[in-house]
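>
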Amino acid sequence: MTNCIVWNLYGPAEATIDCTVYNVNVKNDTQNISIGTPLCNYRCIIMNQYLQSSVTNQEGELFVGGVGVFAGYFGRDDLTANALIEIDGQLFYRTGDLVRMDNNGLLHYQGRRDHQIKLHGQRIELGEIERCLLNITSISACVVMKWNDDYLVAYVQSSHINEEQLREHCQSHLPQHMIPSIFVILDKLPLNQNGKVDRKQLPSPDFSLSTLLSSEKSDTPLNQFEERIHTIWCQVLHSNENQISRTTSFFSVGGHSLLFIELYHHYQSVFNFDAHTLSIAPLLQQPTIFQHSQLLQTVIINNMKPTQWHTLHINEGIASFAQERIFLDEQVRFSSDIAIYNELFTLQVVQGSLSLDRLSQALRYVLNKHKILRTSLIFSNDDGVLKQCITDIHRTFTITMNQTFENENELQDIIYQTTINPNLFDLSTGDVFHAEILKHQIALDGNENNSNESIMNCDVLLIAFHHAASDRASSSIFFNDLCLAYNTNAVSIEGDESLQYIDYSIHEHLIDMTTSREFWYLQLEEYNWESRLLLPVDRHRMSNDHRSSSASITQISFDNDISQSFLDYASIHHVTPFQLGLTILYAFLFKLTHGENDLCISCLNANRYKTELQNIMGMFVSTLPYRIQLDPHWSFDDLVEYVRENCLSILEHSHYPLQHILANVHTDQSNISFLEAIYDFITISSHSDELSLVDSSLKQVSFEQSFEVAKFDFMLTFIYNPILENNRLAFRFTCSHDLFDEITVTQIGRRLEYCFQQLFSTNENMDRMNTCFASVSKFDLILPEETQEMEDAIFCRQSHIMNEGMFS
5 MTNCIVWNLY GPAEATIDCT VYNVNVKNDT QNISIGTPLC NYRCIIMNQY LQSSVTNQEG
65 ELFVGGVGVF AGYFGRDDLT ANALIEIDGQ LFYRTGDLVR MDNNGLLHYQ GRRDHQIKLH
125 GQRIELGEIE RCLLNITSIS ACVVMKWNDD YLVAYVQSSH INEEQLREHC QSHLPQHMIP
185 SIFVILDKLP LNQNGKVDRK QLPSPDFSLS TLLSSEKSDT PLNQFEERIH TIWCQVLHSN
245 ENQISRTTSF FSVGGHSLLF IELYHHYQSV FNFDAHTLSI APLLQQPTIF QHSQLLQTVI
305 INNMKPTQWH TLHINEGIAS FAQERIFLDE QVRFSSDIAI YNELFTLQVV QGSLSLDRLS
365 QALRYVLNKH KILRTSLIFS NDDGVLKQCI TDIHRTFTIT MNQTFENENE LQDIIYQTTI
425 NPNLFDLSTG DVFHAEILKH QIALDGNENN SNESIMNCDV LLIAFHHAAS DRASSSIFFN
485 DLCLAYNTNA VSIEGDESLQ YIDYSIHEHL IDMTTSREFW YLQLEEYNWE SRLLLPVDRH
545 RMSNDHRSSS ASITQISFDN DISQSFLDYA SIHHVTPFQL GLTILYAFLF KLTHGENDLC
605 ISCLNANRYK TELQNIMGMF VSTLPYRIQL DPHWSFDDLV EYVRENCLSI LEHSHYPLQH
665 ILANVHTDQS NISFLEAIYD FITISSHSDE LSLVDSSLKQ VSFEQSFEVA KFDFMLTFIY
725 NPILENNRLA FRFTCSHDLF DEITVTQIGR RLEYCFQQLF STNENMDRMN TCFASVSKFD
785 LILPEETQEM EDAIFCRQSH IMNEGMFS
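Numbered by the working numbering, the letters in the sequence shown go through residues 5 to 812 in order.
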């Protein structure tokens with residue numbers, strides 16, 4: 005054999021037998037034989053599932069072009085359309101074969117695309133499992149298949165082996181997620197006329213007993229480390245369950261995006277690692293107790309200690325990137341006559357009463373603890389730098405009590421006027437926090453004992469922050485500390501060593517952002533900065549016009565069936581509700597803009613990427629561009645996976661400031677379209693609308709929707725409230741009235757609702773979309789009543805046409 009010349013030729017019949025060739029080195033190539041390089045007049049391209057070119061050593065599907073490529077399948081235009089694709093004006097055949105190209109330009113066969121499946125969020129190459137089983141000498145043939153979207157089933161041709169031996173072999177050679185749930189042992193596998201295994205003739209597996217035994221073994225934590233992970237899950241999920249399956253996704257047991265971030269920070273605290281050692285992305289991609297234990301044990305073995313951030317004991321320093329963005333945005337985009345960054349919380353006393361003195365003392369305690377609530381922002385003309393300075397105004401802080409109301413309308417008007425009051429805060433003096441008592445006039449008149457020393461039933465506590473000093477996560481920190489201080493009658497303690505927001509600002513500027521800068525440059529490479537979303541606006545705004553902040557709003561809630569179907573889809577596909585909502589928005593915008601496929605919108609990220617940042621107040625939220633280049637041929641499932649991977653990659657670089665992203669591409673922030681299209685997903689935490697103080701309870705006052713301020717031209721916010729009995733999931737469009745009329749926004753909302761119904765409706769009369777096969781271009785934005793109107797217009801009875809039959 006050593007004197008022979010051996011050629012390895014590869015090719016499908018559709019490319020006229022052979023299209024690549026390789027001269028095999030008999031002495032050295034016996035382990036991994038390449039399929040070589042293309043023959044003359046043939047081209048081979050490797051592309052991923054999104055039809056993007058693969059890089060060296062990256063696995064992808066092989067596309068073959070050239071003289072031998074067939075013209076199509078006779079009489080089967082449907083198969084031809086799926087098999088042939090035009091690239092650079094030339095027809096290429098999709099082989100379905102997975103290959104990679106090595107550093108020498110040689111192709112290596114990796115398996116079949118249709119034998120690569122996804123199970124419980126894990127991508128699995130069935131051929132790898134089959135090769136593992138065929139290493140057992142007593143097995144002459146085998147086939148591994150996916151059954152019912154939940155199980156791996158291995159069919160084995162052998163007469164000298166049992167299921168226990170097969171399972172033990174797989175457990176010692178394969179990762180947990182690749183071990184078949186059921187082994188079916190046959191004397192002979194059924195074959196078709198071509199001598200290949202006839203998969204349709206394989207017997208259905210019996211799940212009754214073996215599945216129960218298999219799941220019983222795999223569901224309970226197998227060791228102390230997995231039990232430790234299980235305990236952390238129960239804490240984060242506030243679960244009283246004795247057992248969460250070690251193979252169940254975090255998102256299947258009540259988890260969501262914010263809880264997952266909380267889980268990640270628990271891990272960081274318990275196992276002492278930072279984001280550089282183990283980022284959140286692999287944990288999201290592998291969201292089970294078993295998988296988390298594998299990842300976290302690797303961290304412990306490496307024993308890499310993270311660098312902790314400590315207080316710097318400073319009262320003056322450079323502003324954070326987020327503060328800088330808010331400060332400039334308020335100056336540039338909006339008129340100084342109306343405030344857009346007054347963040348209000350209004351709580352009405354529904355039971356008992358509060359002591360004004362005690363509340364004032366508790367507020368001073370919180371202001372002392374969180375120095376950001378008394379920090380000024382001053383722009384220095386000397387060096388052109390925005391600086392922050394901590395003040396001592398907490399020492400003389402008082403609660404305002406100047407306003408009263410008689411009814412709900414008056415209360416709502418006070419809230420609205422406070423929301424848009426441009427004089428409520430003064431960043432230059434550190435006046436970024438406001439507390440006020442709104443007295444209920446009728447209760448005040450009817451109670452002679454009601455004095456200014458007490459806050460009585462029906463009175464309202466109004467708390468406000470400037471957005472430069474607080475974000476959404478900060479509000480829960482504030483109210484938790486306020487309750488603790490009031491209930492324990494705490495007095496301010498000087499000399500606190502805890503990390504402050506000003507410390508974060510300094511540490512943030514010292515981070516090496518070289519890798520993130522390169523990431524964002526590639527993310528936005530060749531993006532057309534002059535492009536704008538072709539939304540159905542009613543009027544246009546000149547680029548130099550100030551925004552009025554008036555809003556056109558619509559909110560739509562979903563019934564429990566659609567809400568649960570949405571959450572179930574997210575859980576099954578191992579995506580967060582945030583990612584699934586974003587995917588739907590991309591598909592919706594693709595249709596709404598008549599096929600615009602290079603879509604870039606801004607998303608809000610919590611950006612508390614270190615454990616030390618979890619319990620301090622301040623403005624951490626980053627606004628980042630999420631760009632997608634959508635292929636109209638993708639199915640919805642394909643789009644979901646693409647968005648998921650994109651979100652995970654961005655998560656690693658969410659600390660990179662928006663102003664740096666724009667500066668790197670030399671673009672003016674004042675005229676960027678993606679900054680006007682915003683997406684957010686809010687999960688309401690349990691009892692976040694209630695406050696319990698000693699002998700009293702307060703409940704949040706609902707804010708009139710029509711009073712909301714439009715900070716952006718087009719904003720979609722999903723709201724998920726798990727404690728509601730009905731309508732747990734809703735969405736809200738908040739659009740600038742400068743561009744959109746109320747009726748237009750309502751119609752846009754109804755079209756998005758119809759998209760949801762096509763995806764998640766359980767109504768038998770609703771034609772649900774096949775998310776696996778139907779392309780996103782099949783989404784229908786024409787409402788059913790509009791379809792009916794068009795049909796009526798076409799087929800309406802004409803007055804001049806005789807409608808009676810001759811024998812009527």
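Just so it is clear, CB atoms sit at the ideal spot from N, CA and C, and this is done for glycine as well.
Quick one: what's TRP11 bridged to in DSSP?
The residue labelled residue 11 in the question sits at position 7 within the sequence shown. Paired residues: ASN27.
> So who's on the other strand from ILE654, going by DSSP bridges?
Your numbering for residue 654 matches position 650 in the sequence shown. Its beta-bridge partners do not exist; DSSP assigns none.
> Starting from the C-beta of GLU231, find all residues in its chain whose C-beta is less than 8 Å away, skip the five residues before and the five after it, and write them out in chain order.
Residue 231 sits at position 227 when you count from the first residue of the sequence shown. Beyond the five residues adjoining it in sequence on each side, GLU231 comes within less than 8 Å, by CB distance, of PRO225 in the same chain, given in chain order.
> Going by Cα to Cα distance, which pick from VAL68, PHE294, THR627 and TRP533 is closest to THR24?
Counting from 1 along the sequence shown, the entry for residue 24 is found at position 20. For the residues VAL68, PHE294, THR627 and TRP533, the minimum Cα distance to THR24 belongs to VAL68.
> Is the distance from the Cβ of ILE165 to the Cβ of GLN175 below 8 Å?
In the sequence shown, residue 165 corresponds to position 161, counting from 1. In the sequence shown, residue 175 corresponds to position 171, counting from 1. Going by C-beta atoms, ILE165 is not nearer than 8 Å to GLN175.
> From which residue to which residue does the alpha helix (DSSP H) around THR519 run?
Counting from 1 along the sequence shown, the entry for residue 519 is found at position 515. That run of the alpha helix (DSSP H) goes 518-527.
> Three or more C-beta pairs closer than 8 Å, one from the segment 44-58 and one from the segment 74-88: is that the case here?
no
> Going straight from the alpha carbon of LEU216 to that of THR748, what length do you get?
As a first step, residue 216 must be located in the sequence shown, where it is residue number 212. As a first step, residue 748 must be located in the sequence shown, where it is residue number 744. Any answer about LEU216 is weak, because its pLDDT of 40 lies below 50 and its placement is not dependable; what the coordinates show is given next. Each residue's alpha carbon lies about 54 Å from the other.
> If you draw a straight line from the alpha carbon of SER677 to that of ASP542, how long is it in whole angstroms?
By one-based count along the sequence shown, residue 677 stands at place 673. By one-based count along the sequence shown, residue 542 stands at place 538. Rounded to whole angstroms, SER677 to ASP542 spans 17 Å at the Cα level.
> Using CA coordinates, which residue listed in SER480, GLN559 and ASP463 is at the minimum distance from GLY356?
In the sequence shown, the residue the question calls residue 356 occupies position 352. Closest option to GLY356, Cα to Cα, is ASP463.
> So what does DSSP say about ILE382, is it helix, strand or coil?
Position 378 of the sequence shown holds residue 382. In the structure shown, ILE382 sits in a strand (DSSP, three-state: E or B).
> Am I right that ASN12 and ILE39 are in contact with their C-beta atoms under 8 Å? What's the rounded C-beta distance?
To locate residue 12, count along the sequence shown from 1; it is residue 8. To locate residue 39, count along the sequence shown from 1; it is residue 35. So it is a contact: roughly 6 Å between Cβ atoms.
> How should GLU220 be labelled, buried or exposed, when 16 other C-beta atoms within 10 angstroms of its C-beta is the threshold for buried?
Start at 1 with the first residue of the sequence shown, and residue 220 comes out as number 216. For GLU220, the predicted model reports a pLDDT of 42, less than 50, meaning its position is unreliable and no value from the coordinates is stated.
> Please name the residue in ASN346, ILE727 and THR615 whose C-alpha comes closest to that of ASN564.
Reading the sequence shown from its first residue, position 560 is the one you call residue 564. For ASN564, the nearest C-alpha among the options comes from ILE727.
> Is ASP717 close to chain C? Criterion is C-beta to C-beta, closer than 8 Å.
Among the protein chains of the structure shown there is no chain C, as only one such chain exists.
> Is it right to say ILE9 is buried, meaning 16 or more other beta carbons lie within 10 angstroms of its own, or is it exposed?
Numbered from its first residue, the sequence shown carries residue 9 at position 5. It counts as exposed.
> Please classify LYS715 as buried or exposed, where buried requires at least 16 other C-beta atoms within 10 Å of its C-beta.
Indexing the sequence shown from 1 puts residue 715 at position 711. The residue in question, LYS715, is buried, as its Cβ has 16 or more Cβ neighbours within 10 Å.
> Using three-state DSSP, classify PHE429 as helix, strand or coil.
Here the question's residue 429 lines up with position 425 in the sequence shown. The answer is coil: DSSP assigns PHE429 none of H, G, I, E or B.
> Would you say the segment 14-23 touches the segment 597-610, given that touching needs at least three Cβ pairs under 8 Å?
The segment 14-23 and the segment 597-610 do not touch, with fewer than 3 CB-CB distances between them shorter than 8 Å.
> Within a Cβ cutoff of 6 Å, which residues of the same chain sit near TYR113, ignoring the five residues on either side of it in sequence?
Taking the first residue of the sequence shown as position 1, residue 113 is located at position 109. Closer than 6 Å at the Cβ level, and outside the excluded window around TYR113, lie ILE39 and VAL103.
> Put TYR683 into one of helix, strand or coil per three-state DSSP.
As a first step, residue 683 must be located in the sequence shown, where it is residue number 679. Secondary structure of TYR683 (DSSP, three-state): strand.
> Between the alpha carbons of SER214 and ILE189, how many angstroms are there, rounded?
The residue labelled residue 214 in the question sits at position 210 within the sequence shown. The residue labelled residue 189 in the question sits at position 185 within the sequence shown. Residue confidence for SER214 is low, a pLDDT of 43 falling below 50, so the modelled location carries little weight; the figure read from the coordinates is stated next. Distance between the alpha carbons of SER214 and ILE189 is about 13 Å.
> Is the beta carbon of ARG551 sitting closer than 8 Å to the one on HIS664?
The residue given as residue 551 occupies position 547 in the sequence shown. The residue given as residue 664 occupies position 660 in the sequence shown. It is not a contact, given that the beta carbons lie outside the stated cut-off.
> Express the C-alpha separation of ASN774 and LEU787 in angstroms, rounding to a whole number.
For the purposes of this step, residue 787 is taken as the residue at position 783 of the sequence shown. For the purposes of this step, residue 774 is taken as the residue at position 770 of the sequence shown. Taking the straight line from one Cα to the other gives about 19 Å.
> Measuring alpha carbon to alpha carbon, tell me which of SER553, ILE424, ARG612 and GLU694 ends up nearest LEU743.
By 1-based counting over the sequence shown, the position of residue 743 is 739. For the residues SER553, ILE424, ARG612 and GLU694, the minimum Cα distance to LEU743 belongs to SER553.
> Using the Cα positions of THR395 and ASN319, report the straight-line distance between them to the nearest angstrom.
Position 391 of the sequence shown holds residue 395. Position 315 of the sequence shown holds residue 319. Distance between the alpha carbons of THR395 and ASN319: 8 Å.
> Check whether the Cβ atoms of SER639 and ALA326 lie closer than 8 Å to each other.
Position 635 of the sequence shown holds residue 639. Position 322 of the sequence shown holds residue 326. No, they are not a contact pair.
> Check for me: the alpha helix (DSSP H) holding LEU178 runs from which residue to which?
Working through the sequence shown from its first residue, we reach residue 178 at position 174. That residue, LEU178, is in no alpha helix (DSSP H); it is neither H nor E in DSSP.
> With a 10 Å radius around its C-beta and 16 neighbouring C-beta atoms as the bar for buried, classify PHE434 as buried or exposed.
Taking the sequence shown and counting its residues from 1, the one referred to as residue 434 is at position 430. It should be pointed out that residue 434 corresponds to Gly in this sequence rather than to Phe. By the 10 Å Cβ count, GLY434 comes out buried.
> Rounded to the nearest angstrom, how far is the Cβ of LEU586 from that of CYS607, given a contact under 8 Å?
As a first step, residue 586 must be located in the sequence shown, where it is residue number 582. As a first step, residue 607 must be located in the sequence shown, where it is residue number 603. Between LEU586 and CYS607, the beta carbon gap of about 7 Å places them in contact (Cβ cut-off 8 Å).
> Using only alpha-carbon positions, find the residue among ILE293, ALA285 and ALA323 that is nearest to GLY622.
Translated into positions along the sequence shown, residue 622 becomes position 618. If we check each option's Cα against that of GLY622, ALA323 comes out closest.
> Between the C-alpha atoms of SER218 and GLU172, what's the straight-line distance to the nearest angstrom?
Here residue 218 refers to the residue found at position 214 of the sequence shown. Here residue 172 refers to the residue found at position 168 of the sequence shown. Here the model assigns SER218 a pLDDT of 47, short of 50, so the residue's position is not dependable and the matter cannot be decided.
> Could you check whether ILE304 and VAL274 sit closer than 8 Å to each other, using their CB atoms as the reference points?
Taking the first residue of the sequence shown as 1, we reach residue 274 at position 270. Taking the first residue of the sequence shown as 1, we reach residue 304 at position 300. Their beta carbons are not under 8 Å apart, which means VAL274 does not touch ILE304 by this criterion.
> Are the CB atoms of THR738 and ILE557 within a distance shorter than 8 Å?
Residue 557 sits at position 553 when you count from the first residue of the sequence shown. Residue 738 sits at position 734 when you count from the first residue of the sequence shown. Yes, these two residues count as a Cβ contact at 8 Å.
> In terms of alpha-carbon separation, which member of VAL157, GLU167 and LEU156 lies closest to SER818?
The structure shown does not extend to residue 818, since the chain is modelled only from 5 through 812, so no value can be given for it.
> For a test of the three-state rule: what should DSSP assign to LYS391, helix, strand or coil?
Translated into the one-based positions of the sequence shown, residue 391 becomes position 387. DSSP, reduced to helix, strand and coil, places LYS391 within a strand of the structure shown.
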